[in-house]
Each structure stands twice: as structure tokens, then as C-alpha cells.
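In our numbering, the protein residues as written are 40 to 113.
Cβ coordinates follow ideal geometry from the N, Cα and C atoms, glycine included.
Spelled out as C-alpha cells, the structure:
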């Protein structure tokens, strides 16, 4: 099973973004993005739709609620 942090890292890299670029788009620090990707913390719930738009995916995909998202990193 993969985590939200792993999915954020996967989609960020797939989109060719650095942690700094994603942080800027979300109005957070690069350290916050690093913490998300390392599962130390999670993005605020209000950022879930923002991240989904940035990655051009659905909120369900980001949260791992679809079969495709759940199997990405297996």
C-alpha cells in the first residue's frame, strides 16, 4: 500500500516539478512539501484540491481512492 506522501512525490516528479516549485504553487515552504513526501505530516485539507489541479488528477486519485492510484507504487 502506498501513502499520500508517496503519491505526492510521484505526481510531483511526473509533472517535472521540484519541491520548491510545488511549495510556491501551494504557498507553503519547501520543508512542508518534504514533510508531506516523507509522511511526517500531511497537507492541509484545503490543499488537496489545489494539489489535484496542479497534478491534473482527481482528488480521489491523489488520496488513493481509485484502483489506479492505489497500484501506482506497488
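Counting along the chain, residue 73 sits inside the alpha helix (DSSP H) bounded by residues 69-76. In this structure, residue 82 lies near residue 75, with their beta-carbon atoms less than 7 Å apart.
When secondary structure is reduced to three states using DSSP, residue 96 falls in the coil class, being assigned neither helix nor strand. Sequence-distant Cβ neighbours of residue 50 in its own chain, meaning closer than 6 Å and more than five residues away, are 94. Shortest Cα-Cα distance from residue 86 to any of 79, 104, 62 involves 62. Buried is the label assigned to residue 47, since at least 16 other Cβ atoms lie within 10 Å of its Cβ. The C-beta distance from residue 42 to residue 99 rounds to 16 Å, too long to meet the 8 Å contact threshold.
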